[in-house]
Amino acid sequence: MIYSSIGYYSLIFGLIVSFPIFFYSIRNFRNEEVLDYKIITLSFTQLFLVVLSFLGLVLSFIYSDFSNETVFNNSHTTKPLFYKISGTWGNHEGSLLLWLLVLTFFIFLFLIKSKNLLKKYRILTVLFQQIIIIGFFVFLIKSSNPFNYIFPIPNEGLGLNPILQDPALAIHPPILYLGYVGSSIIFSSALAATTLNYISKTWAIHIKSWVLYSWIFLTLGILLGSIWAYYELGWGGFWFWDPVENVSLMPWLALTTLLHCILVLEKRSNLGSWAIILSIATFTLSMCGTFLVRSGILNSVHTFANDPERGLFILTFLFVLIFISLLIFFIFNKSDNQNSGSFFLLSKETSILINNWFMMYFLSVVLIGTLYPIFLDVVTSHKISIGPPFYHKLIIPFLIPFLIFMAIGSQLKWIKSGLEGKLYNVVFFLISLLISFYIIKNLDNNFLINTILIGSAFYLFLITIRDFFFKKFKSIAQNIAHFGFSLLILSILFNNFFSSELITNLKVGESFKNDKFEIIFNDLKKVQEKNYVSFEGNFSIKEKKNQDQFKPELRVYNQPNIITSEADIKTTFYTDKFITMNTVQNEEYFNIRYQIKPFMVWIWISVLLITSGGLISLFKKKYAK
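Position one of the sequence shown corresponds to residue 0 (numbering that gives the first Met the number 0), numbered consecutively onward.
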């Protein structure tokens, strides 16, 4: 109980400290040349209080303090210590407290890292960021208090959703939140720079670091979530266009577009208005995801809460932020008038602008696909679901020119350029089409568009490989990121085209055989663990040249009483072999799902390559100083 009390009062005092930050910031805005140290001190105090509050919640989970409603709803004495700690943010209240922790940490970090920048810009950024921070403080205390007291005190808690009892819970949400919350600094600084007419090369150089930080963390967060869903949900896929998956993808698309805008602004002092709009859009989409996950209007395995009141608060807060940001943009934005350089057709900035249009189109498709079912449900009470065919039909045709422009744009120079090595480009594109034709010549569906699509991805792949040799380290970050993206597209396509699946019902001692392999159900073993009972299957899968052993599980958790299916996966550089088992009505039989998923590991590797491109760019910028 003591830890919850410390956490609660630390939260209250953290909110109180926000107001002196406002006061000293406004007073310091006009009167002094140097930023008042009191603002930095108060910002650190606010961060310290939120850290103390978060530690209070963590300790409440560790010691199973069931007088705390959040602990009672999401923990149990039999839950392993690791999941008690990680379960702190595996719920609505705890995740928002983690949000607030990152918010306060980032604004303090901003003040430390921006010492050489315009004082008024720093102060305004602090003021805008404090509006967001106060909003989260009020939201937590009013409707999502992680320290609510319950009496009489229960002897046991309700436990944590078994799907969340996974090591990925320890790293996936925090990394994802670092990406989401990083966009708040971008948002606040963009509004401050717009108000002061500070959208310039200097601002671009400064904000680029924050864009990269946010983009890197968001990319890694999405990757970890995808891997987690792949092995935990038992569906055998890595992306399902689930609405909550989409709400993490949308700010990533906006951030990626913003990153390229910042490059143009840094090099050519152009696209200032684009950069402001995208800064606003990125944070808005992050907040939109927060609203959707916590409003109860989505039916998803990822949703945290089902409380319309909470959703209404976030939605109202979101509209207030959008209104303020658009008002500032239309009143103060003068970047177009000052930075109106010409765009030549063959130039790097033109290619970036064209690909930004494509990125905005992809973002629009994902946004419509996510929000339209919600809108239709609200207006007509008619429920529909939008699945992969919708996204594939609208995205794939435009992905082809997008990949081609990526390949061509990487070869262009700033301001005005000619396309060097025209013969190389023609030869590489023809080679790419031939390779594509050879790979998918036996496919029946959409042969032409698939050939061109794979050919376009191979074209980008070959161009980036060539650039590694010709450009050496000049554009190494760009080359690695683009190479990783081409590899990602190729891996996804090969995975989609050449995956195979077998579903059958077997009991112990039975087997199933077809012309490719034989599945033998050898044995079933019962294992008692601390918080669940495991029924471990033993399967032999014989192919022409080899035999593999698989041990998928069915886990029966004691609190809450839920059955989960745990896949067994054999991974090589070429393919994944993936098997799950589930119960059927006749308890003697089990539903066996065996999948062969080519190039799965290359999907993960390619995203790591994309991320490493951002890391290299970040470190190059740091050491260039």
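The beta-carbon is built from N, C-alpha and C at its ideal position, and this holds for glycine as well.
What you are looking at is a predicted structure, and each value in this text was computed from that prediction instead of being measured.
DSSP state of residue 195 mapped onto helix, strand, coil
coil
Could you tell me whether the segment 255 to 263 touches the segment 344 to 356, where touching means 3 or more Cβ pairs closer than 8 Å?
Touching, per the Cβ criterion.
Reference residue 237; option with closest CA among 613, 618 and 600:
600
Cβ-based neighbour list, residue 301, same chain, cut-off 6 Å, excluding 5 preceding and 5 following:
Since pLDDT at residue 301 reaches only 49, below the 50 mark, its modelled position is unreliable, and no value is offered.
Neighbourhood of residue 265 by C-beta distance below 8 Å, restricted to the same chain and skipping five residues each side
200, 203, 204 and 207
Could you tell me whether the segment 450 to 463 touches the segment 561 to 568, where touching means 3 or more Cβ pairs closer than 8 Å?
no
For the beta strand (DSSP E) that residue 597 lies in, which residues bound it at each end?
For residue 597, the enclosing beta strand (DSSP E) begins and ends at 589 to 597.
DSSP state of residue 346 mapped onto helix, strand, coil
coil
Roughly how many angstroms lie between the CA atoms of residue 3 and residue 159, to the nearest whole one?
19 Å
For the alpha helix (DSSP H) containing residue 698, list its first residue and its last residue.
For residue 698 there is no data in the structure shown, the boundaries of the chain being 0 and 624.
So what does DSSP say about residue 547, is it helix, strand or coil?
strand
Have a look at 535, 361, 312 and 184 and flag the residue whose alpha-carbon is nearest the alpha-carbon of residue 507.
535
Where does residue 562 sit, in a helix, a strand or coil, going by DSSP?
In this structure, residue 562 counts as strand in the three-state DSSP scheme.
Are three or more beta carbon pairs between the segment 534 to 553 and the segment 575 to 592 nearer than 8 Å?
yes
Any idea what DSSP makes of residue 517, helix, strand or coil?
strand
Mind checking if residue 19 is an interface residue toward chain C, Cβ cutoff 8 Å exclusive?
No chain C is present in this structure, which holds just one protein chain.
If we ignore side chains and look at the alpha-carbon of each, how far apart do residue 171 and residue 421 end up?
Rounded to the nearest angstrom, the two C-alpha atoms are 44 Å apart.
What is the DSSP secondary structure of residue 556, reduced to helix, strand or coil?
strand
Start and end residues, alpha helix (DSSP H) containing residue 244
242 to 267
Starting from residue 92 and walking both ways along the alpha helix (DSSP H), at which residues does that stretch end?
91 to 112
By DSSP, does residue 76 sit in helix, in strand, or in coil?
Coil.
Would you call residue 152 buried or exposed, if buried means 16 or more other Cβ atoms sit within 10 Å of its Cβ?
It is exposed - the Cβ of residue 152 has fewer than 16 other Cβ atoms within 10 Å.
On the DSSP letters alone, give me the boundaries of the beta strand (DSSP E) that residue 537 sits inside.
531 to 541
Give the secondary structure of residue 570 by DSSP, where H, G and I count as helix, E and B as strand, and everything else as coil.
strand
Does the beta-carbon of residue 135 have 16 or more other beta-carbons within 10 angstroms, so that it is buried, or is it exposed?
Buried.
So if DSSP puts residue 500 in a beta bridge, which residue, or which two residues, is it bridged to?
According to DSSP, which records beta bridges pairwise, residue 500 is partnered with 594.
Would you check if there are 3 or more beta carbon pairs closer than 8 Å linking the segment 68 to 88 to the segment 32 to 41?
Short answer: they don't touch.
What residue from 126, 469 and 167 has the CA that sits closest to residue 19's CA?
With distances taken between Cα atoms, residue 19 lies closest to 126.
Pull up the DSSP beta-bridge partners for residue 67, would you.
148
Pairwise C-alpha distance: residue 311 and residue 618:
41 Å
What first and last residue would you give for the beta strand (DSSP E) that runs through residue 474?
Premise fails: residue 474 is in no beta strand (DSSP E) and is neither H nor E.
For residue 42 and residue 25, I'd like the C-alpha separation in whole angstroms.
15 Å
Taking only runs that begin and end inside the segment 388 to 458, name each unbroken alpha helix (DSSP H) of 4 or more residues, in chain order.
If we require 4 residues or more, the alpha helix (DSSP H) runs fully inside the segment 388 to 458 come out as 421 to 439.
Name, in chain order, the residues that DSSP records as bridge partners for residue 630.
What the structure shows of the chain is the stretch from 0 to 624, and residue 630 is not part of that stretch, so it cannot be assessed.
Of the residues 474, 478 and 328, which one's Cα is nearest the Cα of residue 464?
478
Looking at the strands, I want to know which residues DSSP matches up with residue 292.
Residue pairing of residue 292 in beta bridges, as defined by DSSP: absent, with no partner found.
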